[in-house]
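Novice: I'd like to ask some things about the structure below.
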Amino acid sequence: MSFLDHLPRPVMTTPLQKRIFVAGHLGMVGAAICRRLRSLGYTNLLTAPRSALDLRDQAAVRRFFSENPIDQVYLAAAKVGGIHANNTYPGDFIYENLIVQANLIQAAHESDVQELLFLGSSCIYPRMAEQPMREDALLSGLLEPTNEPYAIAKIAGIKLCESYNRQFGRDYRSVMPTNLYGPGDNYHAENSHVIPALLRRFHQAVESGDEEVVIWGSGTPMREFLHVDDMAAACLHVMNLDVEVYRAHSSPHVSHINVGSGVDCSIRALSEAVARVTGFEGRLVFDHTKPDGAPRKLLDISRLKELGWSPTIGLEEGLKDAYRWYLDHQATARGV
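Each residue of the sequence shown is one higher than the one before, starting from 311 at the first, in the numbering used here.
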């Protein structure tokens with residue numbers, strides 16, 4: 311018997327009036343989820359900035375849930391960063407992500423919130439996992455050392471959701487996105503992910519008239535990328551799947567769902583695309599002394615496609631959108 315067999319059927323005459331808490335609404339993914347919810351007509355969105363609610367504070371999180379009626383939770387709050395940030399602050403990454411996840415999931419349970427969606431990361435899979443990576447590759451091998459603490463925290467989040475489902479009959483679901491980019495990204499010179507880092511670097515090179523741009527690593531690793539608006543659409547799709555449909559595509563111990571584009575490209579090809587988008591016409595120089603990370607990271611998204619969702623935004627189209635946002639928000643963008 312599935313852990314979902316005994317879940318109560320939701321009875322809502324007006325689904326768009328569900329009271330939805332988006333944790334991490336100021337981050338790139340949380341903001342995209344809020345945009346998507348509002349565009350579809352959801353009106354009862356609940357958000358809280360860190361100044362009003364520190365998600366690391368268990369008592370504060372419990373009090374927040376006790377004071378606010380909530381039907382659904384999107385757990386998009388996380389400490390994130392690229393290779394440099396993960397290597398430099400491993401303690402911060404594992405602690406903050408573990409404590410935030412535990413506080414939110416426990417408080418949701420204590421307040422009898424039945425529906426929660428946890429957002430993880432494709433780095434949960436082993437460094438040498440068979441490509442493309444299926445959901446059942448989880449815990450089948452050693453993780454990539456450069457982001458192992460972050461990955462461990464995200465794996466714990468999946469298992470928290472599964473454990474509350476099994477013990478308490480909750481409907482807590484998990485989605486594992488590939489590398490995300492788009493409006494609201496972090497453009498910090500050292501702590502950002504690869505696409506915002508490249509967009510900023512190439513833009514500055516064009517402004518300065520530089521003849522070359524230096525890129526970390528060999529350029530050979532393969533990576534998959536997904537625009538954050540596609541991610542938000544996938545999150546709502548998975549969250550609102552009928553329980554019977556979701557049950558047919560999951561199991562108590564492998565309940566998470568991969569979310570990606572289904573295609574990948576080399577870092578060199580990505581860099582060339584960013585050069586085109588930003589108008590850089592100089593040389594690309596690859597610094598082989600810098601770490602590459604895992605050789606390839608491509609998600610198997612067949613489960614998500616079987617559930618009726620596929621991405622709609624191509625990489626170059628998405629890069630143009632991200633670059634437009636960067637140009638419009640240089641004064642206020644994080645890390646700029």
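Each residue gets a CB set at the ideal place from its N, CA and C atoms; glycine is no exception. Just so we're clear, the structure is a prediction, and the values are computed from it rather than from any experiment.
Once the 5 residues before and after F331 are set aside, which same chain residues still bring their CB inside 6 Å of it?
Specialist: Result list for F331: L356, I380 and V383, in chain order.
Novice: Is the distance from the Cβ of W404 to the Cβ of R366 below 7 Å?
Specialist: Here residue 404 is Ile; the residue named in the question, Trp, does not match the sequence. No, the pair does not count as a contact, with Cβ atoms beyond the cut-off.
Novice: Can you tell me which of the three DSSP states P379 falls into?
Specialist: If DSSP states are grouped into helix, strand and coil, P379 belongs with coil.
Novice: Is the beta carbon of A417 closer than 7 Å to that of F375?
Specialist: Yes, these two residues count as a Cβ contact at 7 Å.
Novice: Give the single residue among L385, P493, A342 and H419 whose Cα lies nearest to the Cα of V485.
Specialist: Per the Cα distances, L385.
Novice: What distance in whole Å lies between the Cβ atoms of Y556 and R483, which are believed to be in contact at a cut-off of 8 Å?
Specialist: At roughly 7 Å, the Cβ-Cβ gap stays under 8 Å, so R483 and Y556 are in contact.
Novice: Using a Cβ-Cβ cutoff of less than 8 Å, which residues in the same chain neighbour R319 once the five nearest sequence positions on both sides are dropped?
Specialist: Residue placement at R319 is flagged as unreliable, the pLDDT there being 42, under the threshold of 50; the coordinate-derived value follows with that caveat. Within the same chain, R319 has close Cβ partners V553.
Novice: Out of curiosity, what's the CA-to-CA distance linking A369 and T353?
Specialist: The alpha-carbon atoms of A369 and T353 are separated by roughly 28 Å.
Novice: Could you tell me the distance, in whole angstroms, from the CA atom of L326 to the CA atom of T588?
Specialist: Their backbone Cα atoms lie some 40 Å apart in a straight line.
Novice: Specify whether the stretch 450-463 and the stretch 531-546 touch according to this definition: at least 3 beta carbon pairs, one from each stretch, less than 8 Å apart.
Specialist: Cβ pair count under 8 Å is below three, so no.
Novice: Can you confirm whether the stretch 442-455 touches the stretch 489-508 when touching is taken to mean that 3 or more C-beta pairs between the two stretches lie within less than 8 Å?
Specialist: No: the two stretches stay apart, fewer than three of their Cβ pairs being nearer than 8 Å.
Novice: Would you give the residue range spanned by the alpha helix (DSSP H) that L427 belongs to?
Specialist: Note, L427: premise wrong, no alpha helix (DSSP H); beta strand (DSSP E) at E425 to L429.
Novice: If we ignore side chains and look at the alpha-carbon of each, how far apart do S361 and L490 end up?
Specialist: The straight-line gap from Cα to Cα measures roughly 26 Å.
Novice: What are the boundary residues of the alpha helix (DSSP H) that includes N475?
Specialist: Its alpha helix (DSSP H) spans residues E458 to F478.
Novice: Would DSSP call I567 helix, strand or coil?
Specialist: Strand.
Novice: Per DSSP, which residues does W619 bridge with? Please list them.
Specialist: Paired residues: none, contrary to the question.
Novice: From L609 to H513, what does the alpha carbon distance come to, in whole angstroms?
Specialist: Using only the alpha carbons, I get a separation of about 30 Å.
Novice: Can you tell me which of the three DSSP states F596 falls into?
Specialist: In this structure, F596 counts as strand in the three-state DSSP scheme.
Novice: Tell me the DSSP secondary structure of S432 in three-state form.
Specialist: Helix.
Novice: Using a Cβ-Cβ cut-off of 7 Å (strictly less than) and excluding sequence neighbours within five positions of F478, which residues of its own chain qualify?
Specialist: Only H419 meet the Cβ criterion.
Novice: Buried or exposed: which applies to L453, given that a residue is buried once 16 or more other Cβ atoms fall within 10 Å of its Cβ?
Specialist: Its Cβ being crowded by 16 or more others within 10 Å, L453 is buried.
Novice: So, under 8 Å CB-CB, R593 and E517 are touching, yes? Tell me the CB distance rounded to an integer number of Å.
Specialist: Wrong, their Cβ atoms sit about 17 Å apart, outside the cutoff.
Novice: What would DSSP say about K607, mapped onto helix, strand or coil?
Specialist: If DSSP states are grouped into helix, strand and coil, K607 belongs with the strands.
Novice: Confirm, please, whether the CB-CB distance from D597 to Y526 is below 7 Å.
Specialist: Looking at the sequence shown, residue 526 is not Tyr but Trp. Yes, the pair counts as a contact, with Cβ atoms nearer than the cut-off.
Novice: Just how far apart, CA to CA, sit C364 and M541?
Specialist: In the sequence on display, residue 364 carries Asp and not Cys. In a straight line, the C-alpha of D364 is about 25 Å away from that of M541.
Novice: Identify whether N413 lies in helix, strand or coil by the three-state DSSP scheme.
Specialist: Helix, per DSSP.
Novice: Counting only the same chain and skipping the five closest in sequence on each side, list residues whose C-beta sits under 7 Å from that of Y435.
Specialist: Cβ neighbours of Y435 beyond the five flanking positions: M443, A447 and L448.
Novice: Please list the terminal residues of the continuous beta strand (DSSP E) segment that includes S484.
Specialist: Segment D481 to P487, the beta strand (DSSP E) holding S484.
Novice: Residues in the same chain with beta-carbon distance under 7 Å from P601, minus the five sequence neighbours each way, listed in chain order, please.
Specialist: Cβ neighbours of P601 beyond the five flanking positions: I393, T456 and G527.
Novice: Please state whether DSSP places M322 in a helix, a strand or coil.
Specialist: At M322, the pLDDT of 46 sits below 50, so the modelled position is not reliable; the number obtained from the coordinates is stated separately. Here M322 sits in coil by DSSP.
Novice: Looking only at its chain, what residues have a beta carbon closer than 6 Å to the beta carbon of G340, apart from the 5 residues adjacent to it on each side?
Specialist: Correct list, in chain order: V332, G334 and A386.
Novice: Looking only at its own chain, which residues have a Cβ that is under 6 Å from the Cβ of F428, when we skip the five neighbours before and after it?
Specialist: Contacts found: L385, G467, C471 and S484.
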